[in-house]
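Protein chains in written order, with the working numbering: chain A, 1 to 113; chain B, 1001 to 1115. Backbone N, C-alpha and C fix where the C-beta goes; we use that ideal spot for every residue, glycine too. Working notes for the structure below.
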């Protein structure tokens, strides 16, 4: 079992719709969870981070964390073509794991006009 | 602006030569920096953790004698790919941990092509 799993996609949504990206992780001791966006040929950029169970909203983005289910998701409201990218879920594996992140393989999102 | 600067953005070299990649944190001191490698359509794979003033910690399967890491100051880490071969061609990305806010920032990446 991979430590951080994501559906590779592509996930296609129409412009203006809500895109829902999902991620599961294996280590129950994980404390910190991050979503990065990566455009082709570019390095990842941080979109959201979440530490506590529940929802965290930032503009059009909402991160949701459920530690009991070992599940973290990212919702993108009013999706725009510029949101088309690969979204990487990253987890700080294990309590006291320091700053080392383990990345999922990413989900490719395509927002269609 | 960018908080982590990585140079060069791309490099083409002949097989057998060495390539040095620099990673700088621009407006904060980074005691820990990370080096990743990413092959096309794959995720980031952590190669090593670079600690200022001490030896780097390498992930399993990464040759420390081939991928030399130096973290001589709180703002600079370098990765040298020694005796590069075509299979080393990849996208190399550094990241730096900013203690304030506990966030990880990435450099812009280096596309290495070994002929």
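Note to self: What does the Cβ neighbour count give for residue 1010(B), buried or exposed, with the cut at 16 atoms within 10 Å?
What the structure shows: The residue is exposed, with fewer than 16 neighbouring Cβ atoms inside 10 Å.
Note to self: In the DSSP assignment, the beta strand (DSSP E) including residue 1042(B) goes from what residue to what residue?
What the structure shows: Here residue 1042(B) belongs to no beta strand (DSSP E), and DSSP marks it neither H nor E.
Check: For residue 1083(B), which of 1018(B), 1014(B), 1004(B) has the nearest alpha-carbon?
Finding: For residue 1083(B), the closest C-alpha among the options 1018(B), 1014(B), 1004(B) is that of 1018(B).
Margin query: I need the DSSP call for residue 1088(B), collapsed to helix, strand or coil.
Written below: For residue 1088(B), the three-state secondary structure derived from DSSP is helix.
Checklist line | Residues that residue 90(A) bridges to, as DSSP identifies them | finding: In DSSP, residue 90(A) forms a bridge with 34(A), 103(A).
Next item on the list: Indicate whether residue 1050(B) and residue 1025(B) have their beta-carbon atoms separated by less than 8 Å.
Entry: No, these two residues do not count as a Cβ contact at 8 Å.
Notebook entry, point to check: Anyone know if the C-beta pair for residue 1079(B) and residue 1091(B) falls short of 8 Å?
Noted result: Their beta carbons are not under 8 Å apart, which means residue 1079(B) does not touch residue 1091(B) by this criterion.
Checklist line | Helix, strand or coil at residue 78(A) [DSSP, three-state] | finding: Three-state DSSP puts residue 78(A) in coil, outside helix and strand.
Check: Who are the Cβ neighbours of residue 1031(B) in its own chain at under 6 Å, not counting the five residues just before and after it?
Finding: If you ignore the 5 residues before and after residue 1031(B), its C-beta comes within less than 6 Å of the C-beta of 1052, all in its own chain and listed in chain order.
Item checked: Identity of the residue in 1014(B), 1015(B), 1027(B), 1012(B) nearest residue 1099(B) by Cα -> Selected option, being the one with the closest Cα: 1027(B).
Next item on the list: Give the DSSP-derived three-state secondary structure of residue 1065(B) in the structure shown.
Entry: Three-state result, residue 1065(B): coil.
Check: Opposite residue 54(A) in the DSSP bridges: which residues?
Finding: Looking at the DSSP assignment, residue 54(A) forms a beta bridge with 65(A).
Note to self: Between 113(A), 101(A), 91(A), 39(A), which has its C-alpha nearest residue 22(A)'s C-alpha?
What the structure shows: The shortest C-alpha separation from residue 22(A) is found at 91(A).
Checklist line | residue 78(A) and residue 109(A) closer than 8 Å at C-beta | finding: Going by beta carbons, residue 78(A) and residue 109(A) fall outside the 8 Å limit.
Margin query: Short of 7 Å Cβ to Cβ, which residues in the segment 68-81 of chain A face chain B?
Written below: Cβ contacts with chain B come from no residue of the segment 68-81 of chain A.
Next item on the list: Tell me whether the beta-carbon of residue 3(A) lies closer than 8 Å to the beta-carbon of residue 25(A).
Entry: With respect to residue 25(A), residue 3(A) sits close: the two C-beta atoms are nearer than 8 Å.
Notebook entry, point to check: Taking the Cβ atom as the reference point for each residue, do residue 1012(B) and residue 1113(B) lie within a distance shorter than 8 Å?
Noted result: Yes; because the gap between Cβ atoms is below 8 Å, this pair is in contact.
Notebook entry, point to check: Applying the criterion that 16 or more other CB atoms from any shown protein chain within 10 Å of the CB defines a buried residue, is residue 1065(B) buried or exposed?
Noted result: Under this definition residue 1065(B) is an exposed residue.
Note to self: Rounding to the nearest angstrom, what Cα-Cα distance links residue 76(A) and residue 1014(B) in this structure?
What the structure shows: Distance from the CA atom of residue 76(A) to the CA atom of residue 1014(B), rounded to whole angstroms, is 44 Å.
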